[in-house]
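J.: In order, the protein sequence lines correspond to chains A and B. Count along the first sequence starting at 1, add 26, and that's the number in my numbering. Count along the second sequence starting at 1, add 338, and that's the number in my numbering.
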Amino acid sequence: MFIQSSLSDKSTFFQKLRSLDYIMLLTILIIGIISSFAMYSTDGGELRYHSESHIIRFVVFFTMMIFISFINIKTWHTFGYLFYILVLGLLIWASLFGITAQGSQRWINLYFINLQPSELMKIAIIICFAKYYHRIQIAHVNRLRNIIIPILILFVPIALVLTQPDLGTSILIALSGIIVLWLAGVNIKYFFYSSLVFIISAPFIISFLKPYQKLRILTFFDPDKDPLGAGYQIIQSKIAVGSGGLTGKGFLKGTQGYLEFLPEKHTDFIFTLFSEEFGFIGSILLLILYAILIFRILRIGSLSRNFFGKFFCFGFGSAIFVYITVNMAMVLGLLPIVGSPLPIMSYGGSSMLATMIGLGIVMSTKIYSRQLIS
Amino acid sequence: MIGSVEDSGFKKSNTINRRMFIFAAAKAVVFVGIVGRLFSLQISENKKYLTLSDKNRLREARLPPVRGEFVDYFGNRIAKNLTVYQLHVVPEQVEDFKTLIVRLKDILNLSDSHLQELIKKKNKQKPWETLIVSENLSWDEFSKINFYLHELSGARPVLTVGRNYPYNDTYTHVLGYVSEASVEDLVNNEAIKERNVPGLRVGKTGLEKALEKELIGTNGIQRFEVNAYGKRINQIDFKEGEQGKTIKLTIDTEIQKYTQELLDNRAGSISVMDIYTGEIIAMNSSPSFDPNLFLYGIEKNKWKEITKNPLKPLLNKTVSGLYSPGSTIKPLVALSALENDVITTNLKVNCRGHKHPLELYGMKYHCWKKEGHGYMSLQNAIKQSCDTYFYEAARLLGVDRLNETAKKFGLGNVVLGKYFNEKKGVVPSTKWKKEAIGQNWYLGETLINGIGQGYIQTTPLQLCLMTAQLANGGHKIYPKIIYENNQENVETIKQRMKLAEENKVEDSNLLSATEKLFKKDEKTYDALYRNKENVKFVLDAMFRSTNEIYGTSFSSRIEDPKYQFAGKTGTAQVKRITEAERELDLKTNQIPYKERDHAWYIAFGPYKNPRYAVSILVEHGGSGSSTAAPIAKKLFKFVIDRHELREKIKKKNLATSDI
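Written as structure tokens, this is what we have:
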């Protein structure tokens with residue numbers, strides 16, 4: 027066993043290169059290319075601001091992901107807490123000095139990019155928990171101390187993001203964390219009780235929501251109540267997807283997007299636009315690509331010899347799944363509208379950065395799958 | 339220790355894998371759910387959402403239909419279309435109505451009162467209804483608006499169709515006028531309702547109204563794509579509308595204009611009719627007004643001017659004005675009496691003047707001639723228009739037999755039917771009086787009926803038709819104002835008349851019935867008389883009335899046989915003349931306008947080979963011989979001079995219609 031570990035430690039660059047997961051890389055590339063076309067379409071069939079910067083970001087962050095892949099998984103384990111604290115610091119920074127846009131203070135101006143720390147937190151929380159549960163023996167998982175600390179770790183960023191306010195991201199951070207808690211073997215009854223408490227307290231929580239958030243939840247249940255107001259987005263999104271049909275209206279021919287009936291078409295509603303233009307077949311293809319991606323991530327996780335990598339891959343793979351399904355369910359009218367981007371597809375540097383860091387760590391887990399972490 | 343760690347690690351690994359597996363299974367389910375949702379939206383409900391998406395992006399605009407034009411007999415356009423530039427605003431699509439309207443005021447120099455009116459109008463209508471800010475922009479204003487359009491969201495410069503009557507007031511009573519469609523128009527006329535667009539002009543009176551369905555045309559349709567903000571992105575489809583039918587009238591503009599000149603703004607009417615084809619060559623009611631004033635809604639003071647005018651310019655006197663025919667009825671009374679064998683042409687009646695009027699049951703019946711005519715034959719009685727003779731003739735004839743003849747010749751009924759708001763007038767009978775007034779007929783009323791006074795009321799056009807039907811030898815004709823391409827030529831009509839005459843001698847009813855069966859489309863020009871000689875006699879008497887000395891219109895005669903015409907004057911009293919007034923014997927201009935007699939003249943010409951019948955009325959114009967007959971003299975010359983031209987164009991029309 028020591029020999030094996032030392033082997034992987036000392037494997038040559040070419041061996042590392044060979045052990046990259048090429049299927050996963052290819053999948054990411056294809057999704058990236060699809061997203062570039064979708065972005066091109068949102069710009070009205072011209073290479074303008076959104077499509078240009080999206081493509082540049084994808085290329086830059088994809089390259090970055092390859093670099094991250096070669097960083098030893100051990101390093102990520104070592105700096106796991108530090109990363110979390112760093113991101114938490116950025117979050118506090120954003121809350122204090124951040125840029126406000128559309129009534130929400132969630133960005134930090136880094137001159138070359140407006141960074142949204144809450145997006146990074148989605149990854150950081152998984153890394154942090156992966157490290158936390160890496161060491162803890164299964165028998166000790168359900169000790170009170172081991173329940174309270176993770177909840178605190180999870181609660182602080184959620185609270186910070188909620189106050190920005192950014193309901194969507196905070197929910198996604200919460201879900202990312204909870205997934206790892208679940209994987210770590212936290213007793214099912216805790217999940218059961220806490221969801222019970224959540225359901226009971228839901229009315230009180232709702233009363234603390236901002237009026238526009240309340241409206242969104244209400245319109246989810248009856249979008250036709252106010253078709254030009256709060257229900258507008260969801261109605262138009264459904265019209266766009268529905269009118270796409272089996273084969274779609276064709277590239278650059280989606281009238282809903284082109285004629286600006288779709289709100290937020292670059293970001294949260296990119297799938298709607300894609301689905302309108304490429305139809306059921308295109309949507310299913312995209313879903314299959316995401317499924318392959320998630321499947322590869324989970325497979326890498328299951329092959330990892332260290333718990334850190336396993337936790338991270340399972341956690342991250344599941345989180346990606348959650349992001350995708352929340353986004354799709356939202357634009358298809360199955361969930362209320364909360365801000366949640368579609369990984370890789372949606373416009374947004376921070377989201378892309380976070381996703382690529384995550385994928386990089388997954389790739390690193392693959393390359394260093396035999397690495398043992400004490 | 340190591341073993342337990344190993345064991346613990348194994349257990350941990352197991353837990354993770356087990357939980358991952360549960361979660362993965364849940365993921366699969368959720369994925370299937372998403373796919374199912376996609377399927378239901380994109381496959382099952384695709385049609386519904388496709389429709390919704392099209393509804394989102396496509397807007398249809400109906401363009402105003404292009405109205406059909408009117409042309410006269412020679413093809414001159416007498417009502418045509420204009421391109422009109424307008425500015426429309428849909429209040430619903432405007433962010434801030436007040437700012438917009440103030441901005442528009444600056445650009446177009448709108449007056450404050452106009453602005454007030456707009457705001458009033460806006461408050462009255464629904465927010466999605468179009469508000470027409472400016473009805474008729476000049477090209478400069480229109481281009482100015484287009485220049486500033488980007489800052490005038492909600493304002494829409496519109497190209498629309500307006501109406502223009504190049505001959506101004508010449509055709510007003512024939513064509514009528516157009517104006518913006520009212521609520522009543524929309525309710526009463528399905529064709530208008532279907533084609534309505536903001537600012538649509540529809541016919542309000544005359545032929546413009548009567549022929550609305552033919553004239554209106556169909557809407558052009560413009561389909562275009564809009565974005566989420568309602569901004570037009572591009573035009574997808576354009577369907578041009580069909581222009582309404584062009585309608586050709588039988589009227590000759592030159593003659594029509596001339597009749598207007600002849601009436602010279604006096605209240606009155608002139609009609610000219612082809613005695614064979616029934617084509618109306620001119621039909622004028624005076625005074626007239628400019629129909630172009632109504633296109634954008636007439637100004638209040640101008641409207642007031644028209645309605646307050648005592649000469650009643652709004653009334654189409656030719657078809658809707660009712661007047662006692664006066665002495666113009668006498669040829670008909672004579673014909674009726676002869677036809678019914680109640681008198682012969684040899685009957686003589688002594689007219690002894692005002693000192694010895696005809697007396698009946700204590701009532702006195704005067705002739706118009708103070709000193710009396712002396713012994714009158716029928717011929718002389720028509721020629722000199724002796725009232726006393728016709729009192730006697732009417733007394734012998736009786737009102738019901740006169741009624742029958744009058745109706746046959748076109749009195750008491752509409753002439754053109756559906757086109758105008760025509761009055762039927764009254765041709766009294768004993769039965770009519772009982773039904774309409776509820777009283778028995780008095781013989782005295784028969785007497786005054788005989789000289790065209792009393793209950794009898796006719797329109798100028800009816801008298802024109804009567805004259806035409808006498809002049810063509812006593813045959814029924816079919817008056818028309820709209821040109822018919824398949825119109826028989828005059829020779830054919832004359833042959834038919836001859837045929838009708840021959841048939842009449844044998845067995846009129848049976849033969850004409852079988853005839854009708856064989857030749858369904860052919861019009862029958864039925865003989866309206868029993869004995870042709872009677873008609874000839876009356877026409878001859880009318881000739882003498884105009885062309886022999888002592889004839890009432892002798893001073894208006896034309897001796898040149900080319901223009902020579904025959905006619906009958908009429909002077910219709912508008913009120914009963916009292917004994918005192920009879921004593922005074924005032925001149926026309928000494929009597930208040932409203933109490934003056936109406937001057938009538940009916941005539942046909944050229945006498946040798948008659949072709950045209952005219953009826954002339956000058957309201958309160960005094961005597962027929964001094965006022966109306968001189969008009970006929972000028973008119974006949976003008977009409978007959980244009981006869982060749984008319985025949986030429988008719989041949990050309992027939993030739994082209996054959997192809």
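Using N, Cα and C, we set each Cβ at its ideal position, and we do this for glycine too.
Name the DSSP bridge partner or partners of B/Pro495?
T.: B/Leu425
J.: Residues in the same chain with beta-carbon distance under 6 Å from B/Arg356, minus the five sequence neighbours each way, listed in chain order, please.
T.: none
J.: Report yes or no: is there a C-beta of chain A within less than 9 Å of the C-beta of B/Gln463?
T.: Judged by the 9 Å Cβ criterion, B/Gln463 is not in contact with chain A.
J.: Which residue comes first and which comes last in the beta strand (DSSP E) that contains A/Phe342?
T.: Counting along the chain, A/Phe342 falls outside any beta strand (DSSP E), though it belongs to the alpha helix (DSSP H) covering Phe333 to Val357.
J.: Could one say the Cβ of B/Gly347 lies closer than 9 Å to chain A's Cβ atoms, at least one of them?
T.: yes
J.: Closer than 8 Å, Cβ to Cβ, to anything on chain B: give me those residues from the region 311-343 of chain A, in chain order.
T.: Leu313, Ala317, Ile320, Leu324, Gly327, Ser328, Phe333, Lys336, Phe337 and Phe340
J.: So for B/Lys721, helix, strand or coil by DSSP?
T.: helix
J.: Suppose you measure from the CA of B/Glu844 to the CA of B/Leu866; what does that come to, to the nearest Å?
T.: Only weak support exists for where B/Glu844 lies, its pLDDT of 49 falling under 50; the value from the coordinates is given anyway. Using only the alpha carbons, I get a separation of about 15 Å.
J.: At a CB-CB cut-off below 8 Å, which residues of chain B make contact with A/Val267?
T.: Leu376, Leu379, Gln380 and Tyr387
J.: For A/Ile393, does the three-state DSSP call read helix, strand or coil?
T.: helix
J.: In angstroms, rounded to a whole number, what distance separates the CA positions of B/Tyr423 and B/Lys531?
T.: 23 Å
J.: Report buried or exposed for B/Leu497, applying the criterion of at least 16 other Cβ atoms within 10 angstroms of its Cβ.
T.: By the neighbour-count rule (16 or more Cβ atoms within 10 Å), B/Leu497 is not buried but exposed.
J.: Is B/Asp602 buried or exposed, if buried means 16 or more other CB atoms sit within 10 Å of its CB?
T.: exposed
J.: Which residues in chain A have a C-beta closer than 8 Å to the C-beta of B/Ile999? List them in chain order.
T.: Residue 999 of chain B cannot be examined here, being either before or after the span of chain B that is shown, 339 to 997.
J.: Across the region 381-399 of chain A and the region 390-401 of chain B, are there enough close Cβ pairs to call them in contact, namely three or more that are closer than 8 Å?
T.: no
J.: Hey, how far is the Cα of A/Phe347 from the Cα of A/Leu117?
T.: 24 Å
J.: On the three-state DSSP scale, how would you describe A/Ile29?
T.: Its pLDDT being 40, under 50, A/Ile29 is placed unreliably in this model, and the coordinates cannot settle the point.
J.: Quick check: the region 539-555 of chain B against the region 382-399 of chain B, are at least 3 beta-carbon pairs closer than 8 Å?
T.: no
J.: Which one of A/Ala266, A/Leu244, A/Ser269 and A/Gly268 has the shortest CA to CA distance from A/Gly257?
T.: A/Leu244
J.: So, helix, strand or coil for B/Thr584, using DSSP?
T.: coil
J.: Can you confirm whether A/Phe347, when its beta carbon is compared against all beta carbons of chain B, has any partner nearer than 9 Å?
T.: yes
J.: A/Phe304 versus chain B: which residues are under 9 Å apart at the beta carbon?
T.: None at all; the shortest Cβ gap to chain B is about 10 Å.
J.: Who are A/Ala401's beta bridge partners in DSSP?
T.: This structure cannot settle anything about residue 401 of chain A, because the visible part of chain A is limited to 27 through 400.
J.: Within the continuous alpha helix (DSSP H) that includes B/Val440, where are the two ends?
T.: Phe435 to Leu446
J.: Measure the beta-carbon distance from B/Ile789 to B/Phe875 and round it to whole angstroms, keeping in mind my assumption that it falls under 8 Å.
T.: Actually they are not in contact, since the Cβ atoms of B/Ile789 and B/Phe875 sit about 19 Å apart, beyond 8 Å.
J.: Do A/Asn213 and A/Asn168 have their beta-carbon atoms positioned less than 9 Å apart in this structure?
T.: yes
J.: Please check if any C-beta of chain B sits within less than 9 Å of the C-beta of A/Ile173.
T.: No, no contact with chain B.
J.: Please compile the residues from chain B whose C-beta is within a distance smaller than 8 Å of the C-beta of A/Lys215.
T.: Here the premise fails: no neighbours, minimum Cβ distance about 14 Å.
J.: Count the C-beta pairs between the region 596-614 of chain B and the region 953-961 of chain B that are closer than 8 Å, then say yes if the count reaches three, no if not.
T.: yes
J.: Three or more C-beta pairs under 8 Å: does that hold for the region 110-126 of chain A against the region 140-150 of chain A?
T.: yes
J.: Which residues, in chain order, does the region 355-369 of chain A contribute to contact with chain B at a C-beta distance below 7 Å?
T.: Ala355, Leu358 and Leu360
J.: Check whether the region 424-432 of chain B touches the region 461-481 of chain B, taking contact to mean three or more Cβ pairs, one atom from each stretch, closer than 8 Å.
T.: yes
J.: What would DSSP say about B/Met714, mapped onto helix, strand or coil?
T.: strand
J.: From A/Leu207 to A/Ala317, what distance separates their C-alpha atoms?
T.: 23 Å
J.: Using CA atoms only, rank isn't needed, just tell me which of B/His981, B/His936 and B/Arg984 is closest to B/Thr965.
T.: B/His936
J.: Between the alpha carbons of A/Gly276 and B/Ser476, how many angstroms are there, rounded?
T.: 46 Å
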